[in-house]
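To keep things clear, I will list the structure first and then write my remarks on it.
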Amino acid sequence: MAKRTSDEPADAILEIAGRTEQAAEWVSENPRIVLIIGVAVLLTAAAVGGLLAVERSREESAAAALDAARTEFLEAMGGTGSSIEVPEPANPETAKNARTTAAAQLLEISEQHDGTTAALLARLERGDIRLPLEGAAAALEDWQTVAESAPADSPLRAVALERVAHAHEQSEQWTEAADAYEAAGTIAAYPLRYRALAQAVRCLEHAGEHARALGIAQRIVAEEDRLKAIAEQKGTEGAVQLLSSAGLRLPDHLDAQVRELVAAAR
């Protein structure tokens, strides 16, 4: 490669200045073309802004439809729109009718507002409603749809995957359940990812896949120990907060199973 001379930086500046002058001359000689380009840029910006506004409107419309369906279902079950838990009516026929109606409404919302977050939530909740109404196989259909349609790194996908795992557990399909739990546990944005991994360990032990269970258990313990070492400097309250934010406040029975598995392999 040829060496630069001491005048090269100055030459480069002059070259840039020359190009700027040439551009200015072209603009002055072609004002109509410049105007057309400027209008095109403005129209493009307006179109992007319009698309964002339309997207916001679609999400708001879908969310409003979902909220209305939720309220109607809760009221049909004997609760109110602000109820946290879904009450169970004394009359089984009332509950069946309410669930049947809600399942149909949620499917309609998911189809009419396809592509929105609310549509995915509607399908997820439809699976929750169909579980006591039609069984795990019917619910699995909705949960699997959400798991396949939600963004790969979305916590909503992780929630759906945990539902999928639960459905497989109902059928004692332990390996399939473990696969779904592990997939949920790999989503970094999911606050309960380590709990999902611990559930995968439990299911793999049921399936007799000890080596795979051990590998996941070792990952959990290594991360927990790493965070506990960091948390020692923060005090007890800081440690609890750190482990909770990382999803490593496991239920006692899962924590014990994971640690026993790792300890036995040492």
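Residues are numbered in our numbering as their position in the sequence shown, beginning at 1, plus a constant of 46.
Heads up, the beta-carbon is just placed ideally off N, CA and C, and yes, glycines get one too.
Around Leu207, the same chain offers Ala193, Ala226, Ala229 and Ala230 as residues with beta carbons nearer than 6 Å, after the five sequence neighbours per side are excluded. In this structure, Gly124 lies near Pro135, with their beta-carbon atoms less than 8 Å apart. Under the three-state reduction of DSSP, Ile233 is assigned to coil, being neither helix nor strand.
Between Ala149 and the set Arg176, Asn137 and Trp220, the nearest pair of CA atoms involves Arg176.
Of the candidates Arg209, Glu218, Glu222 and Ala234, Ala234 places its Cα closest to the Cα of Asp199.
In the displayed model, Glu269 falls within a helix according to three-state DSSP. Ala115 and Arg241 have their alpha carbons spaced roughly 31 Å apart. Within the same chain, Cβ atoms closer than 6 Å to the Cβ of Ala211 are found at Ala223, Ala226 and Tyr227, the five residues on either side in sequence being excluded. Apart from sequence neighbours up to five positions away, the residues of its chain that approach Thr117 with a beta-carbon distance below 7 Å are Gly127, ordered along the chain. If you look at Asp188, you'll find it in the alpha helix (DSSP H) that goes Ala182 to Ser195.
Assignment of alpha helix (DSSP H) within the segment 129 to 159, counting only whole runs of 4 or more residues, yields 138 to 158 in chain order. In terms of CA proximity to Ile266, Leu243 leads the group Leu243, Ala257 and Arg248.
Burial is judged here by how many other beta carbons sit within 10 angstroms of a residue's own beta carbon; Ala110 has fewer than 16 and is exposed. Contact between Ala168 and Leu112 holds, since their C-beta atoms are separated by about 5 Å, short of 8 Å.
Glu218 carries a coil assignment under DSSP once its states are collapsed to helix, strand and coil.
For Gly173, the number of other beta carbons within 10 angstroms of its own is at least 16, and it is reported as buried. Ala183 and Ala213 have their alpha carbons spaced roughly 7 Å apart.
With contacts defined as CB atoms closer than 8 Å, Ala259 and Leu307 qualify as a contacting pair. For Gly173, the three-state secondary structure derived from DSSP is helix. In this model, Arg312 and Val247 are separated by some 17 Å (Cα to Cα). Membership of Ala198 in any alpha helix (DSSP H) is not indicated, and neither H nor E is assigned to it by DSSP.
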